[in-house]
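Structure first, then comments.
In my numbering, the protein residues as written are 1040 to 1680.
See below:
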């Protein structure tokens, strides 16, 4: 087998950096590839070489086989590590690497092809004696019985997946899942199977070498999800007994042995409340959640992948499992708005440090741009402890210490999950849903802190008496209140607030005394936005004009974009009558599809966007008039494109 000296990483973000760290430790050079959007990204600067591969959309860069193979040629790479996502499970890409004389760090192309189709993977699992979930075709879906699950045959990550609980929902869910699968994986083939209520999502980590040795590295429980995508993973699973672990691992290895599996991979199962389990899919790549396994075994899975690719033998000695590890995925998204993605600039980025047993894997830094084209994962926070309770406590503490501002994140939602009684008791399954809650931080306190900071900044810039303390008033007139927006709510801050004492204000810091407790608020300003963080809150406060803008009368009802994204399809025409709930526009952001629906009965007056257009949060897409108003509309319906 070849000796690998230079690896091209056909990926971006945190997994690219993760692979680079191991390569550096092994003395292997790295080559990054990057789109136009990523030209200044952290993974580009960390690599020994970097090669541009095209525009921002993944189909024009990270999903282009030819561009990546050419980057490998010009850089002199002798191997390619695909990471996860993008081309990691693309058998054509793996085969092209093999034909080009490049070492593909993963399974053989024929194994990826077989396991990449969930339909073929099910067949092979059955031949290996591994139980599978009952399934059927789109034409006979009613025979399976509701609820059922529609999912993409060619990929995972929650994309191309829908739960259907009644026949009227089926067609719309089927079309949306097919379109999502085509965009994410280039293959719209769907699988329809019985949805098992109350099941746990448990996967077995496997590794195989080129000498026939296969091992497992225990399980990971990935039951806590949103939009069918994992957000919290742990090992050991609180639901897996030693006997279930033994049987599940044997099933995983039986399937791996049948297909001649090499490199790292996972066999995923649904664990029913009865204790029975069913194979659902195989992932022929390194997983997002692989650090959980690394924390409980002390092994480096990326290093093991590279060593296997170089022909090394796996040790026949069983791995040892020590303690408990839990991972939380920090996403740029808005939990209160159906977890839709959030874009913008990371103006504040301070991961937790100094916590024993806590690891942070990230691909961003302060100043990084979070765009619409890629998965919104910002970081993975992993905590290890001697037992589950300790690991959970450490992870919650680490998330509370994590400062990430400039985009909305799911940080507080993750904390709520970790501290929820059902999760702490180990009873959370794939149906576990925790409604995002509105935060209870005192708006008046946040507004008072922001006002004190603004007054200090303005005072320090004036030519006369710049050093007068913030509490000093030479004139008894307290000044007008300042208007702010916090979490979608407007509030005012006067010169003083009952129960809030401002102790000290300096550059980037306001110290307060609230109900006898001293708090420090760190503040980062960007334009009219103030990013506040303390032990009690982490909020964005926006300063509003002194006098509110009065909107004119007679405006149309509008359908607005709830997220940044790209218009996929315009589903209506000017002059078309619509009813409440009718689909108007299909949007895509970070590979997820969202349908914008009518909020009233009426007539489409104006369509303001077209397919392919990038839209911002809150941007008006369609104007609608009530039927009565439409009869009076003398100019006729219009479109701006």
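For each residue, glycine too, the CB sits at the ideal point set by N, CA and C.
Owing to the predicted nature of the structure, the values given are computational and were not obtained by experimental measurement.
- Contact between the stretch 1272-1280 and the stretch 1289-1305 is absent, with fewer than three C-beta pairs closer than 8 Å.
- The beta-carbon distance between residue 1200 and residue 1380, rounded to whole angstroms, is 17 Å. This is too long to meet the 8 Å contact definition.
- Taking C-alpha positions only, residue 1059 is separated from residue 1080 by approximately 14 Å.
- Judged by DSSP in its simplified three-state form, residue 1436 adopts helix.
- Between residue 1434 and residue 1450, the CB-CB gap reaches or exceeds 8 Å.
- By the Cβ neighbour-count rule, residue 1538 is exposed, with fewer than 16 other Cβ atoms within 10 Å of its own.
- In the assembly as shown, residue 1322 is a buried residue. Its beta-carbon has 16 or more other beta-carbons within 10 Å.
- Classified as buried, residue 1320 has 16 or more neighbouring CB atoms from the shown chains inside 10 Å of its CB.
- Contact fails between the stretch 1361-1369 and the stretch 1405-1413, because fewer than three Cβ pairs, one in each stretch, are under 8 Å apart.
- Beta-bridge annotation (DSSP): residue 1424 is paired with 1363.
- The C-alpha of residue 1137 lies about 35 Å from the C-alpha of residue 1367.
- In the DSSP assignment, the residues bridged to residue 1543 are 1550.
- For residue 1281, the closest alpha carbon among the candidates 1582, 1250, 1314 is that of 1314.
- Less than 8 Å divides the Cβ of residue 1638 from the Cβ of residue 1598.
- Assignment of residue 1280 by DSSP, reduced to helix, strand and coil, places it in the coil class.
- Proximity to residue 1500 across 1535, 1546, 1424 peaks at 1546, based on C-alpha coordinates.
- Residue 1267 and residue 1233 have their C-alpha atoms roughly 15 Å apart.
- CA-to-CA, the gap between residue 1626 and residue 1632 works out to about 6 Å.
- In the three-state DSSP reduction, residue 1449 falls in the coil class, being neither helix nor strand.
- Counting only unbroken stretches of 3 or more residues, the beta strand (DSSP E) elements lying wholly within the stretch 1219-1267 are 1229-1233, 1239-1247, 1253-1265, in sequence order.
- For residue 1635, the uninterrupted beta strand (DSSP E) run begins and ends at 1631-1636, by DSSP.
- Remark: C-beta atoms of residue 1063 and residue 1117 do not approach each other more closely than 8 Å.
- Note on geometry: alpha-carbon atoms of residue 1357 and residue 1131 lie some 34 Å from one another.
- Taking a 10 Å sphere around the C-beta of residue 1586, we find fewer than 16 other C-beta atoms and assign the residue as exposed.
- Cβ-Cβ distances below 8 Å link residue 1099 to 1074, 1093 in the same chain, with the five nearest sequence neighbours on each side left out; the list follows chain order.
- Here residue 1521 is near residue 1490, since their CB atoms are less than 8 Å apart.
- Rounded to whole angstroms, the separation of the alpha carbons of residue 1188 and residue 1391 is 38 Å.
- Apart from the 5 residues on each side of it in sequence, residue 1540 sits with its Cβ closer than 7 Å to the Cβ of 1551, 1552 in its chain, given in chain order.
- Nearest to residue 1612 by C-alpha distance, out of 1153, 1600, 1055, 1649, is 1649.
- Take residue 1383, set aside five residues on each side of it, and the residues of its chain with a beta-carbon closer than 7 Å to its own are 1409, 1445, 1446, in chain order.
- Of the residues 1526, 1519, 1568, 1492, the one whose Cα lies closest to the Cα of residue 1544 is 1492.
- Beta-bridge annotation (DSSP): residue 1122 is not paired with any residue.
- Between residue 1558 and residue 1572, the CB-CB gap reaches or exceeds 8 Å.
- In the displayed model, residue 1386 falls within coil according to three-state DSSP, outside both helix and strand.
- Spatial neighbours of residue 1331 in its own chain (CB-CB distance under 6 Å, excluding positions within 5 residues in sequence) are listed in chain order as 1259, 1272, 1274, 1364, 1366.
- 1440 is the residue among 1264, 1487, 1440, 1426 whose C-alpha sits nearest the C-alpha of residue 1393.
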